[in-house]
Every structure is written in structure tokens, then in C-alpha cells.
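Per my numbering, the sequence shown starts with residue -6, numbered consecutively. This report concerns only the one structure given below.
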Amino acid sequence: MSLPPDPFLDDPSTPGRGGSTVIERERVLQDAEPGDHERFSHYVRKEKIMESAMTGDPVIALCGKVWVPGRDPEKFPVCPDCKAIYQGLRGSKDDKKK
């Protein structure tokens, strides 16, 4: 039975030995989705979310972000742009009722 080659056999710190050894490591990067850096919950019509879940088509938030929903929105803060737009829409409807 033979042993695998010693990767440190040519270690320069070993007296009387010279050379070097390169140890390669495979680095695995996790793919990030576009917009992942912001990590906000966005306002989208409920029926559009359901439609997207069935078809896989992207949705468009009030702020203009386009993506395919796939994460629990409860885990993220609300997008400040969506919130401002939504409050502006709600405010104008409430003003008409008075």
C-alpha cells in the first residue's frame, strides 16, 4: 500500500530542502440574485405575487424593482421607497373621503 505524496515535502522551512509547493483550494461562491444587496420587502399586489408563484414570472414593486419573489418578506425591513409611495397613495384616497 503506497501513501499519497506529502504536500509539504518541499517545504522551504525544512533544513536542507529547497523549493516550494502550491496547495490549491477550490473556492465556492454563492450566487447572489440581482438586488440581493438591499434585502428589503417590497410592496406588490397580492394577486401578482400569487400569479408569480404559479408562473415564475417576475413582479414589479411600487418602487420599480423587478424580481421573482422567493424569500419570506417578514424577515426583511420594508423598502423605504415602496413605503413612501404606498403612504402617498393611501393619503390621497383618505383625503378624498373627508
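All C-beta atoms in this analysis are idealised placements derived from N, C-alpha and C, irrespective of residue type, glycine included.
Which same chain residues end up closer than 8 Å to Lys76 when comparing Cβ atoms and leaving out the 5 residues on each side of it in sequence?
Here residue 76 refers to the residue found at position 83 of the sequence shown. Correct list, in chain order: Tyr36.
May I have the straight-line CA-CA distance separating Glu40 from Pro73, to the nearest angstrom?
By one-based count along the sequence shown, residue 40 stands at place 47. By one-based count along the sequence shown, residue 73 stands at place 80. In a straight line, the C-alpha of Glu40 is about 22 Å away from that of Pro73.
Local conformation of Ser45 per DSSP, three classes
Indexing the sequence shown from 1 puts residue 45 at position 52. Ser45 falls in the helix class under three-state DSSP.
Taking the straight line between their C-alpha atoms, what separation do you get for Arg38 and Ser45?
Numbered from 1 along the sequence shown, position 45 holds the residue referred to as residue 38. Numbered from 1 along the sequence shown, position 52 holds the residue referred to as residue 45. Taking the straight line joining both Cα atoms gives about 11 Å.
Leaving aside the five residues before and after Ser34 along the sequence, list all residues of the same chain whose C-beta is less than 6 Å from its C-beta, in chain order.
The count along the sequence shown starts at 1 and reaches residue 34 at position 41. Same-chain partners within the cutoff: Pro66, Phe69, Val71.
Selection from Arg32, Ser(-5), Leu(-4) that minimises the alpha carbon distance to Arg64
The residue you call residue 64 lines up with position 71 of the sequence shown. It is Arg32 whose Cα lies nearest to the Cα of Arg64.
Give me, in chain order, the residues of the same chain whose beta-carbon lies closer than 7 Å to that of Gly81; leave out the 5 immediate sequence neighbours on both sides.
Your numbering for residue 81 matches position 88 in the sequence shown. Nothing listed; no residue qualifies.
Ordered along the chain, which non-local residues of its own chain (more than five positions away) have a Cβ less than 6 Å from that of Ile78?
As a first step, residue 78 must be located in the sequence shown, where it is residue number 85. Excluding positions up to five away in sequence, the list reads Leu55.
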